[in-house]
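A.B. asks: Just passing along the structure, written as structure tokens.
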Amino acid sequence: MKVAVAGCCHGALDKMYETLELLQRRHNVRPDLLLCCGDFQAVRNEADLRCMAVPAKYRHMQTFYRYYSGEKKAPVLTVFIGGNHEASNHLQELPYGGWVAPNIYYLGYAGVVRFRGVRIGGISGIFKSHDYRKGHFECPPYNQQTIRSAYHVRNIEVFKLKQLKRPIDIFMSHDWPRSIYHYGNKKQLLKMKSFFRQEVESNTLGSPAASELLQHLKPTYWFSAHLHVKFAAFMQHETNSKEELPKATKFLALDKCLPHRDFLQIVDIEHDPNAGDSLEYDAEWIAVLKATNSLVNVTQSSWNMPENNGLHANGNRKYLLMSCTSFNFIHLFRWDYSATEEAIKEVLEELNHDLKIPCNFTLTAACYDPSKPQKNMEPVHIINPQTTEFCAQFGLTDINDRIHQAKEEGSVRGENEEEEEEEEMDSTGSAEEPSEYNTDNSGLSSINPDEIMLDDEGGDEDLSTCSVDPSPDHPPDFSASFSDIRIMPDSMAVSSDDAMDSTNEELEKSGVTKQVEEKSLTERPLKRIGGNENGDSGIKKIKRRNQAIYAAEDEDKTE
């Protein structure tokens, strides 16, 4: 089975699918599946644009809305995860995953599905330590903080994924697993992105949560994006026992969608020839969701996952007191929420052994109309019927419904407090004037120093609006060099031998084919921000520091 993998497409769906069509027309290569590793930008209308944490000048409608409205349909089944430049209000409607358009499926905050017998998992967002232990409390309209925290990875999702016992074929994350750069051509990486050097040398570049998952899941393939550079690595994991077969992960990071750059990769994946062509639920994952349902938290209070399965485990304690008051007492003593064979069998019986994901896509918001722009459209908190149906079928908590209930309860409390204040005002004869300050910052346009900007740190090439047309007449060989195969210890320690220039035959064995090189037809360069804060145009200013994203802070430290 041929699987196409894309990095950050930033909403340029037309060009991405045109690239796939050219592959078929010119090289007779037709992918069976397309995977996208975040920054997909499923923007339906102007309100969605207001929920993207990007400067206003990058809020372009792009082309997803045509697929949402039904004007167009994705020519290949597309599965994607969320990144840090998304219409967070849209993706938040589907915390357990679902269709954002016909033939385009979102994996949710975290998820696992199957296609032709291939098991595909993923986790959305990026790691940020001060939000990691919070619940999913955000909802539109977002403010200056929640428009960013909405896409930060939470420990509950990592915990759920770490309950999986069965092998994973493909896993996707937006940001890279920490330390992965030590298992590929690090010298070439630093040549392309020299300002990564400090974090690479201090081993602070990348997500520690993703590293935890990489070590636990040991998937055959791991795909990432985010850093806007192509990079390959090969990592062999250590075995826990003599009986366990050696496992290795082939890692590939994809570049963003830009003219004259490789942003698609075709990988040959072994599959079940007897399996159907429909996207399917994964029975073990559903069983894990059912087992961990009582851990759902929609507050912004920091709390820990049960012992031994969280990112910040404390080795000697037998139980862990959690700060969320909704937990039953028994949960203080349980940390293994993995699915038993009986639980998996129950899921199969509930579905009558038909794991096909229903094609129940539903429009939940008005679609953008170029002839009738609505620049003042405000985002609202929506309960998606797909999520309602999914939760009802498997007895799960609808996270958005829980948030909505919490908001209503807070509103009632607020009204009571206002009545008390009015009584006090009547008795004293004075009160503060109501504030007219607009607290809705969902239209935030300031630069976020914690995230990679769309006009990020790239070299001399001009950025564009992703208006590209591929030219695969001379497709280049996949030239990324791999380091020597190294054992990955539990501590994620790095070998002293970097072997940066060595090559490895494992790439050829992995089935990675030649890539497609695209060229621009009608590219319109974006304005590049030049100069430093003092107006010195001759000095290039680095727009963000990766360490600000990934530095492991104390658990109790807040931003």
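Its first residue numbered 6, the sequence shown is counted upward by one per residue in this note's numbering.
C-beta atoms are modelled at their ideal positions from N, C-alpha and C, and glycine is treated no differently.
#1: To which residues does DSSP link P182 through a beta bridge?
#2: Run through DSSP, which three-state label would C13 get?
#3: Per DSSP, what kind of secondary structure is A344 in: helix, strand or coil?
#4: For A292, name the three-state secondary structure that DSSP assigns.
#5: From the DSSP output, in three-state form, read off Y73 for me.
#6: Could you pull the DSSP bridge partners for K252 from this structure?
#7: Between the beta-carbon of V118 and the beta-carbon of D287, is there less than 9 Å?
#8: Would you mind reading off the limits of the beta strand (DSSP E) that contains R119?
#9: Taking 9 Å as the cut-off, decide whether the C-beta atoms of I404 and T392 are in contact.
#10: Using beta-carbon positions only, say whether L219 and T254 come within less than 9 Å of one another.
#11: Looking only at its own chain, which residues have a Cβ that is under 6 Å from the Cβ of M6, when we skip the five neighbours before and after it?
#12: Contact defined as beta carbons within less than 8 Å: I believe V59 pairs with H90. What is the distance between those atoms, to the nearest angstrom?
#13: Going by C-alpha to C-alpha distance, which of E354, Y373 and A9 sits closest to M177?
#14: Would you kindly check if the distance between the Cβ of D136 and the Cβ of D157 is under 9 Å?
#15: Tell me the DSSP bridge mates of Y111?
#16: Touching or not, the stretch 194–214 and the stretch 138–152, by the rule of three or more beta carbon pairs under 8 Å?
#17: Counting only runs of 4+ residues fully inside the stretch 117–182, write out the alpha helix (DSSP H) ranges in chain order.
#18: Count the other CB atoms within 10 Å of the CB of S306; is the residue buried (16 or more) or exposed (fewer)?
#19: Once you ignore the five residues that flank K170 on each side, which residues in its own chain have a CB closer than 6 Å to its CB?
#20: Using the C-alpha atoms, what's the distance from G43 back to F85?
#21: Is the stretch 12–27 touching the stretch 46–58, taking contact as three or more C-beta pairs under 8 Å?
#22: Ignore the nearest five residues each way along the sequence and tell me which others in I349's own chain have a CB closer than 6 Å to its CB.
#23: Just the C-alpha distance for A79 and K165, rounded to the nearest angstrom, thanks.
#24: Consult DSSP for S432 and reduce its assignment to one of helix, strand or coil.
#25: Please go through the same chain and pick out, in chain order, the residues whose beta-carbon is closer than 7 Å to the beta-carbon of K361, but skip the five residues on each side of it.
#26: Exposed or buried, P251, counting other C-beta atoms within 10 Å across all chains shown (16 or more means buried)?
#27: Ordered along the chain, which non-local residues of its own chain (more than five positions away) have a Cβ less than 7 Å from that of R64?
#28: Nearest by alpha-carbon distance to A262: which of E51, Q67 and A52 is it?
#29: Would you kindly work out how many angstroms separate the C-alpha atoms of N381 and A371, rounded to a whole number?
C.D. replies: Quick answer:
#1: S212
#2: Note: C13 maps to coil in three-state DSSP.
#3: DSSP places A344 in coil when its eight states are reduced to three.
#4: DSSP, read as helix, strand or coil, puts A292 in helix.
#5: helix
#6: H242
#7: yes
#8: A115 to F120
#9: Closer than 9 Å, so yes.
#10: yes
#11: D37, R121, I274 and H276
#12: Beta-carbon to beta-carbon, V59 and H90 are separated by about 6 Å, close enough to satisfy the 8 Å threshold.
#13: A9
#14: It should be pointed out that residue 157 corresponds to His in this sequence rather than to Asp. In this structure, D136 lies closer than 9 Å to H157 by Cβ.
#15: F85 and G103
#16: Contact fails between the stretch 194–214 and the stretch 138–152, because fewer than three Cβ pairs, one in each stretch, are under 8 Å apart.
#17: Fully enclosed alpha helix (DSSP H) runs of 4 or longer: 151–154 and 160–166.
#18: exposed
#19: S343
#20: 6 Å
#21: yes
#22: A288, E289 and A292
#23: Taking the CA atoms as reference points, A79 sits about 30 Å from K165.
#24: Because the pLDDT of S432 is 34, which lies under 50, any placement of that residue in the model is unreliable, and the number read from its coordinates should be weighed accordingly. S432 falls in the helix class under three-state DSSP.
#25: Same-chain partners within the cutoff: S283 and E285.
#26: exposed
#27: L54 and M57
#28: The sequence given here places Cys at residue 262; Ala does not occur at that position. It is Q67 whose Cα lies nearest to the Cα of C262.
#29: 13 Å
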